[in-house]
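K.L.:
In our numbering, the protein residues as written are 923 to 1406.
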Amino acid sequence: MTGFDTRPVFFIIGALLSVLAVAMLLPMTVDLAAGNPDWMVFAIACALTLFFGVQFMLANRMDRIALNVRQAFLLTALSWVVICAFAAVPFMVSQIDLTAADAYFEAMSSLTATGATVISGLDGLAPGLLLWRSLLQWLGGIGIISMAIAILPFLKVGGMQLFRSESSDRSDKVTPRASDLAIAVGWIYLCLTAICTVMLSYAGMSWFDAVNHAMTAVSTGGFSTRDASIASWNSPAVEWVLVVFMVLGGMPFVRFISLAQGRAASFWADTQIRWYLCFLAAVSFGMSIWLTLTRDVPWDDAIRVTTFNVVSVVTTTGYASIDYERWGPLASVVFFILTFVGGCTGSTSGGLKIFRFEILFIVLRALQRRLYSPNLVIPLNYNGKPVSADVMISVMGFGFVYLMSVFVLAFVLAFLGVDVVSALSGAATAVSNVGPGLGPTIGPSGNFATLPDGAKWALAAGMLLGRLEFFTILVVLSPSFWRR
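Rendered as structure tokens:
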């Protein structure tokens, strides 16, 4: 018997399903205008999703919706699983006729903004399905940001308690203030998408392609409307525009509110942003020099292709402008390591996140100093806030679970018959929500279609684990969670 009321959880899931149903009207309209028969698929899927969404809301309606800790854990885990199931319906019953495993993989990859795909022939795919993939990543992106600023700090997952608001520190409820913050961030998210669309259009994309890529760039999802991804346009202007918005998508969105309010100082005072930008610049510059010296690539081309692909992988977007594995084993190793880094907390990117590397660096530096000064009292601060032992344990525990999840998933994939390179890089890219892996099968120029169904289900689970920061799922799966 559960020790808590699940009605608020299912009411909110019903509301989210209703939003998903309304979103299906957009690709339906696009297909209808293009004369594609798949518009009926979206119409049926919309009706089905709306029916269940409304049923959940009616069956679980309450006078006041407020979530405690257990309800927030359950909502965070269950909502992604349920919404992905309904989002997969158009993929299953459309003209591409994906299997259940393929459809759920594609939906999970979309909503978690991972960007791995099982669909080939994108250049000739119905416009409604192309828009649906991009729209799912865009909706998933705003869901990720909202979760990062309103839910995960409240649940103290992986050191995220550093980012709790003052009001939620004084209460055991998810506060209205967090909801207001999420709405403000949503407007910024929408504005960035609109600006990116206009700039991509001026850079040479059609309006349809510009809208799709704006949604998948700001959400750091990485889906494209072409099989060759961004390489199809062979346009430096398109690549530099996308670099800018991938970088912005990997920043903490709450800091954009500070900029909008004229408080630029607080934006640059965030050490996470400074580390993030410096890391991207250093790796891109270093790789550019190496590429110029060893591959005789002109400097302007080298700085462009390395910056684009480094930013794409670090922000976990997953676009490809070139098959960087052709640069040799060093490049493959570098990009594999970059898979784990990630962007800033409060952004749409996945990975370990920059702030956790900062915390680990602070702790390691303090340990080093104590080796030669055992009695020295060293204050540990992050962005002017004291770093408690609870935060340090959470960050180190998160890192351990992160790496163990990659290893376990790689073992499962190898057990299912996936080759070693694809298994290890596939596990890393799924858990980090990056998209492309390494090797001829799932590398920058491949996709995940040829993997066995069992591997696709396992990778979908890895995407969910990584996106929900592991402990959100592990806690819900614990038997003690369900006891009174």
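From the three backbone atoms N, C-alpha and C, an ideal C-beta is built for every residue, glycine too.
Please read all numbers here as calculations on a predicted model, not as lab measurements.
Pull up the CB-CB distance for residue 1262 and residue 1027, whole angstroms please, since I reckon it's below 8 Å.
P.N.:
Not a contact, Cβ separation roughly 22 Å.
K.L.:
Could you check whether residue 1354 and residue 1388 sit closer than 8 Å to each other, using their CB atoms as the reference points?
P.N.:
For residue 1388 and residue 1354, yes; Cβs fall inside 8 Å.
K.L.:
Three or more C-beta pairs under 8 Å: does that hold for the region 1203 to 1219 against the region 1285 to 1300?
P.N.:
The region 1203 to 1219 is not in contact with the region 1285 to 1300.
K.L.:
Counting pairs of Cβ atoms below 8 Å between the region 1047 to 1058 and the region 1017 to 1034, do you hit three or more?
P.N.:
Judged by Cβ distances under 8 Å, the region 1047 to 1058 makes contact with the region 1017 to 1034, as three or more pairs qualify.
K.L.:
For residue 984, which residues of its own chain have a beta-carbon under 7 Å away from its beta-carbon, when the five flanking residues on both sides are left out?
P.N.:
Hits under 7 Å: 929, 930 and 933.
K.L.:
Kindly indicate the opening and closing residues of the alpha helix (DSSP H) around residue 1375.
P.N.:
Residue 1375 -> alpha helix (DSSP H) spans 1375 to 1389.
K.L.:
By DSSP, does residue 1303 sit in helix, in strand, or in coil?
P.N.:
Note: residue 1303 maps to strand in three-state DSSP.
K.L.:
Check the DSSP bridge columns for residue 1308 and list the partner residues they point to.
P.N.:
Looking at the DSSP assignment, residue 1308 forms a beta bridge with 1303.
K.L.:
What distance in whole Å lies between the Cβ atoms of residue 1347 and residue 1384, which are believed to be in contact at a cut-off of 8 Å?
P.N.:
Contact doesn't hold; Cβ gap of about 12 Å is too wide.
K.L.:
How many Å lie between residue 1010 and residue 1020 at the Cα?
P.N.:
Their backbone Cα atoms lie some 9 Å apart in a straight line.
K.L.:
Please classify residue 1307 as buried or exposed, where buried requires at least 16 neighbouring CB atoms within 10 angstroms.
P.N.:
So residue 1307 counts as exposed.
K.L.:
Which stretch, first to last residue, makes up the alpha helix (DSSP H) that contains residue 968?
P.N.:
961 to 981 is the extent of the alpha helix (DSSP H) around residue 968.
K.L.:
Let me confirm a value: residue 1134 is counted as buried when at least 16 other C-beta atoms fall within 10 Å, else exposed. Which label applies?
P.N.:
Residue 1134 should be labelled buried.
K.L.:
Could you name the residues of the same chain whose beta carbon sits closer than 8 Å to that of residue 1193, not counting the 5 residues immediately before and after it, in chain order?
P.N.:
Result list for residue 1193: 1280, 1304 and 1305, in chain order.
K.L.:
Out of 1120, 1276, 1350 and 1041, which has the shortest C-alpha to C-alpha gap to residue 1323?
P.N.:
Ranking 1120, 1276, 1350 and 1041 by Cα distance to residue 1323 puts 1350 first.
K.L.:
On a CA-only basis, which of 1312, 1047, 1162 and 1283 is nearest residue 1227? Give me that one, please.
P.N.:
Answer by Cα proximity: 1162.
K.L.:
Which word fits residue 1002, buried or exposed, when buried means at least 16 other C-beta atoms lie within 10 angstroms of its C-beta?
P.N.:
Classification of residue 1002: buried, given that the 10 Å Cβ count is 16 or more.
K.L.:
Closer than 7 Å by C-beta to residue 1339: which residues in its own chain qualify, once you throw out the five before and the five after it? Chain order, please.
P.N.:
Answer for residue 1339: 1374, listed in chain order.
K.L.:
Here's the rule: buried if 16 or more other CB atoms are within 10 angstroms of the residue's CB, otherwise exposed. What is residue 1156?
P.N.:
It is exposed - the Cβ of residue 1156 has fewer than 16 other Cβ atoms within 10 Å.
K.L.:
Considering only C-alpha positions, which residue in the set 1128, 971 and 1311 is nearest to residue 1288?
P.N.:
That would be 1311, whose Cα lies nearest to the Cα of residue 1288.
K.L.:
Tell me whether residue 1248 sits in a helix, a strand or coil according to DSSP, three-state version.
P.N.:
Residue state, collapsed to three classes: helix.
K.L.:
Where does residue 1392 sit, in a helix, a strand or coil, going by DSSP?
P.N.:
In this structure, residue 1392 counts as coil in the three-state DSSP scheme.
K.L.:
State the Cα-Cα distance for the pair residue 1393 and residue 959, rounded to the nearest angstrom.
P.N.:
Their Cα atoms are separated by approximately 43 Å.
K.L.:
Take the Cβ of residue 1278 as the centre, count every other Cβ of all protein chains shown within 10 Å, and call the residue buried at 16 or more, exposed below.
P.N.:
By the 10 Å Cβ count, residue 1278 comes out buried.
K.L.:
Taking DSSP as the reference, what is the three-state secondary structure of residue 1000?
P.N.:
Residue 1000 falls in the helix class under three-state DSSP.
K.L.:
Measure the Cβ-Cβ separation of residue 1381 and residue 1395 and say whether it is below 8 Å.
P.N.:
No.
K.L.:
Who are the Cβ neighbours of residue 1246 in its own chain at under 7 Å, not counting the five residues just before and after it?
P.N.:
Closer than 7 Å at Cβ, skipping near neighbours: 1231, 1253, 1257 and 1366.
K.L.:
Could you tell me if residue 1128 is buried or exposed, where buried requires 16 or more neighbouring beta carbons within 10 angstroms of its beta carbon?
P.N.:
Exposed is the call here.
K.L.:
As a quick exercise: from 1040, 937 and 1264, pick the residue whose alpha carbon is nearest that of residue 1145.
P.N.:
When each option's Cα is compared against that of residue 1145, the closest is 1040.
K.L.:
How many angstroms separate the CA atom of residue 1206 from the CA atom of residue 1233?
P.N.:
The alpha-carbon atoms of residue 1206 and residue 1233 are separated by roughly 8 Å.
K.L.:
With H, G and I counted as helix, E and B as strand and the rest as coil, what does DSSP make of residue 1218?
P.N.:
Correct three-state label for residue 1218: coil.
K.L.:
Determine the burial state of residue 964: buried for a count of at least 16 other Cβ atoms within 10 Å of its Cβ, exposed for fewer.
P.N.:
Burial call: buried.
K.L.:
On the three-state DSSP scale, how would you describe residue 1155?
P.N.:
In this structure, residue 1155 counts as coil in the three-state DSSP scheme.
K.L.:
Give me the residue from 954, 949, 955 and 980 with the minimum Cα distance to residue 937.
P.N.:
Here the closest residue by C-alpha is 980.
K.L.:
State the Cα-Cα distance for the pair residue 1224 and residue 1294, rounded to the nearest angstrom.
P.N.:
If I take the Cα positions, the gap works out to 44 Å.
K.L.:
Could you give the residue range of the alpha helix (DSSP H) that holds residue 1176?
P.N.:
1175 to 1182 is the span of the alpha helix (DSSP H), which, as asked, contains residue 1176.
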